[in-house]
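Okay, so here's the structure we're looking at.
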Amino acid sequence: MARHAFLFDLDGVLVDTAVFHYQAWRRLTQELGFDIDEAFNETLKGISRMDSLERILEHGKVTLTQKEKEAYARRKNDWYLELVNRMTPADVLPGVEDFLKAAKHGGIQIALGSASKNAPVILEKTGILSYFDAVIDGNHVSKSKPDPEVFLKGAEALGVSNAECVVFEDAYAGIQAAKAAGMYAVGIGEAGVLNNADVVVPGFEGVTPEQFT
Ligand code: B16
Ligand code: MG
């Protein structure tokens with residue numbers, strides 16, 4: 007079956023917002039009296055905001071009430087948005103815009119499938135929102151990756167079957183989600199890490215849509 011719909015994860019695939027998440031989470035943990043490092047931040051990639059906070063609190067052995075957790079998550083997000091609001095088209099990862107342009111030109115339908123509730127503002131700030139026929143983000147899903155919900159909703163929004171979709175993902179759990187949805191999974195990163203993907207490329211530079219359709 008021809009694959010003519012592309013579903014993109016956001017953080018780590020189109021832009022690198024992980025560094026901003028890291029800065030904002032660190033500011034929070036330092037207020038709570040502990041610290042996190044880059045290796046720990048890696049384990050938060052693709053994980054929803056509240057699940058990330060749970061993991062962080064467990065890591066720092068801090069117990070909070072539900073109300074306090076919600077307040078801290080809100081503060082972290084305010085700090086994160088200060089950084090996001092400064093994003094420009096220069097923050098789009100190398101090769102991404104040419105790839106989106108070529109896909110659009112080739113008649114491929116394009117959707118976002120991200121855990122982030124801030125996805126629309128990030129796409130807008132970086133100037134790539136207009137390439138997307140559908141945006142499915144953390145506001146539309148109740149189950150996090152590796153659950154396939156976000157990609158199943160993406161296919162539905164585009165009006166295509168799952169087998170017609172190609173997913174671009176940088177997280178192992180995201181590839182699991184794509185495979186669980188019955189889609190072709192392209193890993194963005196290292197083949198040794200994303201060993202559950204159908205194919206792995208380091209990024210979009212020098213890559214063309216035809217390689218995956
Ligand atoms: P927000 P993705 C994920 O984005 C990030 O990788 C993860 O670190 C973050 O906690 C999650 O979005 C939720 O983000 O706080 O903006 O709702 O990789 O699924 O695009
Ligand atoms: Mg990601």
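Count along the sequence shown starting at 1, add 6, and that's the number in the working numbering. Backbone N, C-alpha and C define an ideal beta-carbon position, used for all residues, glycine too. As the structure is a prediction and not an experimental result, all values here were calculated from the model.
Could you name the residues of the same chain whose beta carbon sits closer than 6 Å to that of residue i, not counting the 5 residues immediately before and after it, in chain order?
i    : result
L129 : L135
G112 : P215
V19  : F174, D176, I194
Within 7 Å: the Cβ of residue i and any heavy atom of the ligand MG?
i    : result
K51  : yes
D176 : yes
D17  : yes
G180 : yes
Excluding the five sequence neighbours on either side, which residues of its own chain have a C-beta within less than 8 Å of the C-beta of residue i, listed in chain order?
i    : result
I114 : H10, A11, F12, P215, T219
H146 : V156, K159
V90  : T23, F26, N124, V127, I128, K131
Please state whether the Cβ-Cβ distance between residue i and residue j is less than 8 Å.
i    : j    : result
L70  : R61  : no
T132 : V213 : no
Y86  : F157 : no
A187 : P154 : yes
Quick one: is the Cβ of residue i within less than 7 Å of any heavy atom of the ligand B16?
i    : result
D204 : no
A121 : yes
N91  : no
S148 : no
A11  : no
R223 : Nothing in the structure corresponds to residue 223, since the chain is present only between 7 and 219.
G160 : no
Give me, in chain order, the residues of the same chain whose beta-carbon lies closer than 7 Å to that of residue i; leave out the 5 immediate sequence neighbours on both sides.
i    : result
A203 : I181, A191, V192, G193
H65  : I42, F46
P95  : T132, G133
I142 : A117, L118, G119, V156, K159, G160, A163
G209 : L99, P100, G101, I194
Y137 : L106, K110, I116
Quick one: does the C-beta of residue i sit closer than 7 Å to a heavy atom of the ligand MN?
i   : result
H27 : Ligands in the displayed structure: the ligand B16 and the ligand MG; the ligand MN is not one of them.
Q.
My parser needs the alpha helix (DSSP H) runs of 4 or more residues fully inside the segment 33–95; what are they?
A. Segments of the alpha helix (DSSP H) lying fully in the segment 33–95: 44–48, 55–65, 72–90.
Q: Counting only runs of 4+ residues fully inside the segment 102–175, write out the alpha helix (DSSP H) ranges in chain order.
A: Look at the segment 102–175 and you find these whole runs of alpha helix (DSSP H), each 4 residues long or longer: 102–111, 125–131, 155–164.
Q. Okay, do the segment 179–188 and the segment 144–152 touch, 3+ Cβ pairs below 8 Å being the bar?
A. Verdict: yes, contact present.
Q. Does the pairing of the segment 167–180 with the segment 37–55 give three or more beta-carbon distances under 8 Å?
A. Verdict: yes, contact present.
Q) Is the segment 93–112 close to the segment 68–84, with three or more CB pairs under 8 Å? A) By the Cβ rule, the segment 93–112 does not count as touching the segment 68–84, because fewer than three pairs are nearer than 8 Å.
Q: Only counting runs of 3 or more residues, tell me where the beta strand (DSSP E) segments fall wholly within the segment 10–36, in order along the chain.
A: Runs found: 11–14.
Q: May I have a chain-ordered list of the alpha helix (DSSP H) segments no shorter than 4 residues that lie completely inside the segment 174–209?
A: Taking 4 residues as the shortest admissible run, the segment 174–209 contains the following complete alpha helix (DSSP H) segments, listed from N- to C-terminal end: 178–186.
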